[in-house]
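> In mature numbering (1 follows the signal peptide of the UniProt record, and there is no 0), the protein residues as written are -23 to -1, 1 to 338. Cβ coordinates follow ideal geometry from the N, Cα and C atoms, glycine included. Small disclaimer: the values here were computed from a predicted structure and weren't measured.
1. If you check the beta carbons only, do residue 25 and residue 62 fall under 7 angstroms apart?
2. Would you please state the rounded distance, in angstroms, between the beta carbons of residue 325 and residue 259? I believe it to be under 8 angstroms.
3. When we look at the beta-carbon of residue 311 and count the other beta-carbons within 10 Å, is it buried (16 or more) or exposed?
4. For residue 161 versus residue 305, is the C-beta distance shorter than 7 angstroms?
5. Leaving out five residues on either side along the sequence, give the residues of the same chain with a beta carbon under 7 angstroms from the beta carbon of residue 322.
6. At the level of alpha carbons, what is the spacing between residue 19 and residue 81?
7. When you compare each of 93, 276, 207 and 23 to residue 109 by their alpha carbons, which one comes out closest?
8. What is the rounded straight-line gap between the Cα of residue 65 and the Cα of residue 45?
9. Using 7 angstroms as the threshold, is the C-beta distance between residue 263 and residue 35 below it?
10. Report the rounded CA-to-CA distance for residue 117 versus residue 201, giving the unit in angstroms.
11. Just the C-alpha distance for residue 267 and residue 213, rounded to the nearest angstrom, thanks.
12. When the distance is taken between beta carbons, is residue 173 closer than 7 angstroms to residue 131?
13. At which residues does the alpha helix (DSSP H) containing residue 55 begin and terminate?
14. Note down, in chain order, each residue of its chain lying with its Cβ closer than 7 angstroms to the Cβ of residue 30, except the 5 sequence neighbours on either side.
15. Please report the residue range of the beta strand (DSSP E) in which residue 138 lies.
16. Under a three-way DSSP split, which group does residue 214 fall into?
17. In terms of residue numbering, what span does the beta strand (DSSP E) encompassing residue 18 cover?
18. Which partner residues does residue 271 have in the DSSP bridge list?
19. What separation, rounded to the nearest whole angstrom, lies between the Cα atoms of residue 115 and residue 13?
20. How about the stretch 221 to 239 and the stretch 182 to 189: do they share at least three Cβ pairs that are nearer than 8 angstroms?
21. Going by beta-carbon coordinates alone, are residue 59 and residue 179 separated by less than 7 angstroms?
22. Is residue 230 helix, strand or coil when you go by DSSP?
23. Considering only residues of the same chain and omitting the five flanking positions on each side of residue 50, which have a CB-CB separation below 7 angstroms?
24. Tell me which same chain residues have a C-beta within less than 6 angstroms of the C-beta of residue 17, skipping the five on either side of it?
25. So the beta strand (DSSP E) residue 240 belongs to, where does it begin and stop?
26. Do residue 123 and residue 142 come within 7 angstroms of each other at the CB atom, strictly closer than that value?
27. Starting from residue 279, follow its DSSP beta bridges and name the residues at the other end.
28. When the Cα atoms are used, what is the spatial distance from residue 8 to residue 211?
29. Note the first and the last residue of the continuous beta strand (DSSP E) segment covering residue 170.
30. Considering only the beta carbon of each residue, do residue 145 and residue 10 sit closer than 7 angstroms?
31. What's the gap between the Cα of residue 136 and the Cα of residue 70?
32. Whole angstroms are fine: how far does the CA of residue 215 sit from the CA of residue 238?
33. Mapping the DSSP letters down to three states, classify residue 92 as helix, strand or coil.
34. Cα-Cα, which of 152, 111 and 140 is closest to residue 125?
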């Protein structure tokens, strides 16, 4: 049976057998958060804990949705682009879907050539999350979602309790807080929010005119199947040098990932703790954001493979119609001892905090 069909059947079976309070908490749908002024709102779905929409004003006060996505839950179930999803247990790639932890070899679900990608074919982006708390309005509207990942899921060791909270605050701040507790075995954890951003509006075409700055002087080069070589190289003198505000389209033809033109690379974010990661501005709309986070890396991806993807409100998305800034642990860190560790020990808690993104206009 095709993967999309399997996912649809899984969803229908769950909805058929769930009942009572549990069913109410796990009913798959959309949840809106809105600020008091009414000019800043987001929508979340508990299918994949995905960020569905972010509506903010432009420089003239016109409201627009600045993330790519779908109109219906069914499209998120069947989609393969990770629109807005909470990706895990380990985001990005793991070489050959294999790693050794405490002397034991683990084999993950292979879903990207010979490698594992974004947690496998049924990662956290393809499951139903439980709505734990939902405050849709007020000074700081928020929603908290929960997922229990079982020992052996997609090949990963140990039970894991995972939470994500989306919260709005004034004037136009969106915060995403993720945490995960390893219950009984050491396990790798690397969670990512996979939103596709277009500050001109989700249906406004390519983002090549966006200006971008990434606060990173080093990056992790990859081989021809997008696996890090283990080197942490300087960006100076390369097209990956985005330390100064740079038009995205000015260098995009000089870089490629896996055979497609565009950025798809992990940067080592400068500094430690909760700090600035990147700044993006769209000169046409006047919208901008600064991204803050507490992770060692950030993946810049410029939507290099998309073609004729049917999205919200009749939009048809193409390559380079958005950019992703995925704060994260380094890709394939489980196989590179020189990379920051992504291992969480039993009783330990993984934490990932993003201020996403201090929107301005």
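Quick look at the numbers:
1. Position 48 of the chain shown, counted from the first residue, corresponds to residue 25. Position 85 of the chain shown, counted from the first residue, corresponds to residue 62. Their beta carbons are under 7 angstroms apart, which means residue 25 touches residue 62 by this criterion.
2. One-based indexing of the chain shown puts residue 325 at position 348. One-based indexing of the chain shown puts residue 259 at position 282. Going by Cβ atoms, the distance from residue 325 to residue 259 rounds to 40 angstroms, so no, they are not a contact pair.
3. Translated into positions along the chain shown, residue 311 becomes position 334. By the neighbour-count criterion, in which 16 or more other beta carbons inside 10 Å mark a residue as buried, residue 311 falls on the buried side.
4. If you number the chain shown from 1, residue 161 lands on position 184. If you number the chain shown from 1, residue 305 lands on position 328. Their beta carbons are not under 7 angstroms apart, which means residue 161 does not touch residue 305 by this criterion.
5. Translated into the one-based positions of the chain shown, residue 322 becomes position 345. Excluding residues within five positions, the ones whose Cβ falls inside 7 angstroms are 159 and 163.
6. Taking the chain shown and counting its residues from 1, one reaches residue 19 at position 42. Taking the chain shown and counting its residues from 1, one reaches residue 81 at position 104. If you take the alpha carbons of residue 19 and residue 81, they lie about 43 angstroms apart.
7. Taking the chain shown and counting its residues from 1, the one referred to as residue 109 is at position 132. Put simply, of 93, 276, 207 and 23 the residue whose alpha carbon is nearest the alpha carbon of residue 109 is 23.
8. Taking the chain shown and counting its residues from 1, one reaches residue 65 at position 88. Taking the chain shown and counting its residues from 1, one reaches residue 45 at position 68. Going by the C-alpha atoms only, they are around 20 angstroms apart.
9. The residue you call residue 263 lines up with position 286 of the chain shown. The residue you call residue 35 lines up with position 58 of the chain shown. For the pair residue 263 and residue 35, the CB atoms are nearer than the 7 angstroms cut-off.
10. Residue 117 sits at position 140 when you count from the first residue of the chain shown. Residue 201 sits at position 224 when you count from the first residue of the chain shown. Using only the alpha carbons, I get a separation of about 44 angstroms.
11. Working through the chain shown from its first residue, we reach residue 267 at position 290. Working through the chain shown from its first residue, we reach residue 213 at position 236. Between residue 267 and residue 213, the alpha-carbon positions lie close to 22 angstroms from each other.
12. Start at 1 with the first residue of the chain shown, and residue 131 comes out as number 154. Start at 1 with the first residue of the chain shown, and residue 173 comes out as number 196. No.
13. For this step, residue 55 is matched to residue 78 along the chain shown. Counting along the chain, the alpha helix (DSSP H) containing residue 55 begins and ends at 50 to 55.
14. Reading the chain shown from its first residue, position 53 is the one you call residue 30. So the qualifying residues of the chain are 19, 20, 42, 44 and 46.
15. Counting from 1 along the chain shown, the entry for residue 138 is found at position 161. Looking at the DSSP string, the run of the beta strand (DSSP E) that includes residue 138 is 137 to 146.
16. Taking the first residue of the chain shown as 1, we reach residue 214 at position 237. Residue 214: coil per DSSP, three-state reduction.
17. Sequence index remark: in the chain shown, residue 18 carries index 41 (1-based). Membership of residue 18 in the beta strand (DSSP E) is indicated by the continuous run 18 to 22.
18. Locating residue 271 in the chain shown gives position 294, counting from the first residue. DSSP output for residue 271 lists no bridge partner at all.
19. Counting from one through the chain shown, the residue named residue 115 turns up at place 138. Counting from one through the chain shown, the residue named residue 13 turns up at place 36. Straight through space, the alpha carbons of residue 13 and residue 115 are spaced by roughly 6 angstroms.
20. Contact holds: three or more Cβ-Cβ distances are below 8 angstroms.
21. Position 82 of the chain shown, counted from the first residue, corresponds to residue 59. Position 202 of the chain shown, counted from the first residue, corresponds to residue 179. In this structure, residue 179 does not lie closer than 7 angstroms to residue 59 by Cβ.
22. Indexing the chain shown from 1 puts residue 230 at position 253. It is helical.
23. In the chain shown, residue 50 corresponds to position 73, counting from 1. These residues qualify, in order along the chain: 5, 6, 22 and 24.
24. Residue mapping note: residue 17 aligns to position 40 of the chain shown, counting from 1. Counting only Cβ-Cβ distances below 6 angstroms, and skipping sequence neighbours, we find 33 and 149.
25. Looking up residue 240 in the chain shown gives position 263. No beta strand (DSSP E) holds residue 240; DSSP gives it neither H nor E.
26. Within the chain shown, numbered from 1, the residue matching residue 142 stands at position 165. Within the chain shown, numbered from 1, the residue matching residue 123 stands at position 146. Result no, Cβ atoms of residue 142 and residue 123 do not sit closer than 7 angstroms.
27. By 1-based counting over the chain shown, the position of residue 279 is 302. DSSP, once it has assigned bridges, lists no residue as partnering residue 279.
28. As a working note, residue 8 is residue 31 in the chain shown. As a working note, residue 211 is residue 234 in the chain shown. Those two C-alpha atoms are separated by around 42 angstroms.
29. For the purposes of this step, residue 170 is identified with residue 193 of the chain shown, where counting begins at 1. For residue 170, the enclosing beta strand (DSSP E) begins and ends at 169 to 171.
30. Mapped onto the chain shown, residue 145 falls at position 168. Mapped onto the chain shown, residue 10 falls at position 33. Their beta carbons are under 7 angstroms apart, which means residue 145 touches residue 10 by this criterion.
31. Looking up residue 136 in the chain shown gives position 159. Looking up residue 70 in the chain shown gives position 93. Computed Cα separation, rounded: 21 angstroms.
32. Stepping through the chain shown from its first residue, residue 238 is reached at position 261. Stepping through the chain shown from its first residue, residue 215 is reached at position 238. Rounded to the nearest angstrom, the two C-alpha atoms are 15 angstroms apart.
33. As a position in the chain shown, residue 92 is number 115, starting the count at 1. Strand at residue 92.
34. Residue mapping note: residue 125 aligns to position 148 of the chain shown, counting from 1. From the listed residues 152, 111 and 140, the smallest Cα separation to residue 125 is found for 140.
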